[in-house]
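In the working numbering, the protein residues as written are 150 to 219.
For every residue, glycine included, the Cβ atom is placed at its ideal position computed from N, Cα and C.
Notes follow once the structure below has been shown.
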């Protein structure tokens, strides 16, 4: 897993992981810090993960455009 977003003054983080469920590898995005219980939210796209935290994914995609590949 790779940490791709760590909000300033917040406990919200987005981690990217490459998974293979038998149909070829795909990126999954795990968002931590949204709930009091500490449960994560798993998103199928980087856009959805960044929307949950209210941030812009463009700076990350400029550095790592392969994260948009599905």
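The alpha-carbon separation between residue 216 and residue 190 amounts to approximately 17 Å. Taking 8 Å as the cut-off, the Cβ atoms of residue 192 and residue 201 count as close. Runs of the alpha helix (DSSP H) spanning 4 or more residues and lying entirely within the region 174-216 occur at 195-202 and 207-212, in chain order.
The beta carbon of residue 199 sits closer than 6 Å to those of 206, all from its chain and outside the five residues before and after it, given in chain order. Its Cα nearest to that of residue 196, the residue 179 stands out among 169, 187, 168 and 179.
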